[in-house]
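The structure appears below as structure tokens.
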Amino acid sequence: MILVQNGNHKAFSCLYDRYAGRLKGFFYRMLWSNGEMAEDYVHDLFSKLIEKPELYNADKSFSPWLFQVAANMCKNAYRKRSFEEEYLNQLEKNQIQVPNIEQVLDEQLLTDQVYIALERLEEDKRELFLLRYQQEFSVKELAEIYEVSEGTIKSRLFYVRKVLVEMLGEKTKEENEKG
Amino acid sequence: MKKDSFQELDDLLVNKAFDELSSFEKEWVLEHLDANQYEKLRALVTASKQDQVLKTEPKTKDALMAQMKAKRKPAAAGIFSFQVPAYAASLVLALVVAVLLIFRPVKEVPVEKIVTVTSEPQIDTVFVNQIDTVYIDKRVEVPVYITKLVEPIKEEKEIQETLSNKSLADQEDIRSLLVQSK
């Protein structure tokens, strides 16, 4: 990253090859399994690296820092989406006919089993789950990303797992009742 | 599920399916979760790991590389590729030429010059006390008439004595005679 800060093209290319795919995977799961959106977010993130390489502090590990930035971008995306949803609800109340983008997206996403499970998680828990199990960050690295102690990370992960177990239990119960 | 057993269970979930667990591990896992819960959690972890890396589109990288090259051009290249209006460029050029002409290095040619040095000390500044009014003593010559008392000559005395007894007509005749005789 220091080479990138000094304007080294090859270093940037290596950096991109190493992390772009992982970031896309993370964005994909975080941003409603939307491939195009994930691609755009990868572009935006690396664009930020080009425009403001000084944001990176060489004292920190690069990978956790990169995913910290990615996680913050997702938070902004959630805020934006909640605003858009509210806007659409408002339009519906006013009985204005607009194509229901949300419905199309939801139908597409219903086929994705992982998404269904993750969708039921709150955003911050989903983020933590993906960073731990999808991107395989260690507890220590996660502590670096969230700037909290390792104990706090363990506690949060424990809670996420507990919520998931409960959710899966409910789902199993529903399936049994249907059967 | 106890909180302190988090790490152990986490490792098992990531690495082993329920069937792959040893009997000791199975026993330990079943203290926290049932087999179904474990399998579903494991399926979720495995599924999320499947799209850990997604292939990005080449155009994204191309665009970023182009952006990188544009942003990180060497400073010298940046100067030459910077677009400047023609009038500004010509103005700068004229200014540079003018500066060069003014400050061009002048060759020092030795010139022989004969300088006569006089022994007399040169006086640059002369102080002159100007006198506006000049007083000149004017000499006025006053004619002085000095009269000399001269006693009548003896002959005159004798004549006068002679004539004193005579009439005026005679005195005249005598005088005219005396004059003629002289």
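Read top to bottom, the protein sequences are chains A and B. Residue numbers -16 to 162, in our numbering, belong to the letters of the first sequence in order. Residue numbers 4 to 185, in our numbering, belong to the letters of the second sequence in order. Backbone N, C-alpha and C fix where the C-beta goes; we use that ideal spot for every residue, glycine too.
Using the rule of at least 16 other Cβ atoms within 10 Å of the residue's Cβ for burial, across every protein chain shown, is residue i buried or exposed?
i	result
A/G8	buried
A/P163	The question about residue 163 of chain A has no answer here: the residues shown for chain A are numbered -16 through 162.
A/C(-3)	exposed
A/L88	In this predicted model, A/L88 has a pLDDT of only 48, less than 50, meaning its place in the structure is not dependable enough to derive any value.
B/Q10	exposed
B/Y41	buried
B/A20	exposed
B/R178	exposed
A/Q80	Model confidence at A/Q80 stands at a pLDDT of 46, short of 50, so the residue's coordinates are unreliable and nothing is read from them.
A/S121	exposed
A/F141	buried
B/L104	exposed
A/S16	buried
When the distance is taken between beta carbons, is residue j closer than 9 Å to residue i?
i	j	result
B/L15	B/L24	yes
A/F45	A/A3	no
A/Y129	A/Q73	no
A/I99	B/K74	no
A/A53	A/M13	yes
A/Q117	B/S8	no
A/V25	A/L38	no
A/L104	A/V148	no
A/K58	A/E106	yes
A/L113	A/L125	no
B/T63	A/E102	no
B/Q55	A/E69	no
What number of angstroms, rounded off, separates the C-alpha of residue i from the C-alpha of residue j?
i	j	result
B/S167	B/T150	27 Å
A/R144	A/M56	24 Å
B/V216	B/V102	Nothing can be reported for residue 216 of chain B: it is not among the residues displayed for chain B, which extend from 4 to 185.
B/P61	B/S26	49 Å
B/A97	B/Y90	10 Å
B/N18	A/L71	44 Å
A/Y(-1)	B/A46	30 Å
B/E28	B/E34	10 Å
A/M(-16)	A/A41	8 Å
A/G18	A/Y11	6 Å
B/V118	B/K110	23 Å
A/F(-5)	A/E67	35 Å
A/V131	B/V95	58 Å
B/K58	A/R1	11 Å
B/R2	B/V99	Missing from the structure shown is residue 2 of chain B; chain B here goes from 4 to 185 and no further.
B/M71	B/K43	44 Å
B/E158	B/Y148	28 Å
A/H(-8)	A/S138	41 Å
B/V145	B/T165	43 Å
B/D22	B/L36	14 Å
B/V48	B/W31	20 Å
B/E175	B/E161	15 Å
B/V87	A/G134	59 Å
B/K116	B/D135	44 Å
For the ligand COA, I want to know if residue i counts as a neighbour, meaning its beta carbon is within less than 8 Å of at least one of the ligand's heavy atoms.
i	result
B/D14	Among the components modelled here there is no ligand, and therefore nothing to report on the ligand COA.
Checking contacts by CB at 9 Å: is residue i closer than that to chain E?
i	result
B/L12	The structure shown contains no chain E; its protein chains are A and B.
Problem set entry | Chain-ordered residues of the stretch -11 to 19 of chain A with a beta carbon less than 7 Å from chain B | G(-10), H(-8), F(-5), S(-4), Y(-1), A3, G4, R5, K7, G8, Y11 and R12
Problem set entry | Runs of alpha helix (DSSP H) lying entirely within the stretch 39 to 110 of chain B, each at least 4 residues, in chain order | 61 to 74, 78 to 84 and 89 to 105
Problem set entry | Positions along the stretch 97 to 115 of chain A whose CB lies within less than 9 Å of some CB in chain B | V97, A100, L101, F112, L113 and R115
Exercise. Listed from N- to C-terminal order along the chain, which residues in the stretch 42 to 68 of chain B have their beta-carbon within a distance smaller than 8 Å of any beta-carbon of chain A?
Worked result: K43, L44, L47, V48, A50, S51, K52, D54, Q55, V56, L57, K58, T59, E60, T63, K64, A66, L67 and M68
Exercise. Closer than 7 Å, Cβ to any Cβ of chain A: which residues of the stretch 21 to 42 of chain B, in chain order?
Worked result: L36, N39 and Q40
Problem set entry | Contact residues within the stretch 132 to 148 of chain A, judged by C-beta distance below 8 Å to chain B | K137, S138, L140, F141, R144, K145, L147 and V148
Exercise. Between the stretch 20 to 40 of chain A and chain B, which residues of the former have CB atoms less than 8 Å from a CB of the latter, in chain order?
Worked result: A21, E22, V25, H26, F29, S30, I33 and E34
Exercise. Mind listing which residues of the stretch 114 to 129 of chain A have their C-beta closer than 9 Å to chain B's C-betas, in chain order?
Worked result: R115, Y116, Q117, Q118, E119 and V122
Exercise. Listed in chain order, which residues of the stretch 40 to 58 of chain A have Cβ atoms closer than 7 Å to some Cβ of chain B?
Worked result: none
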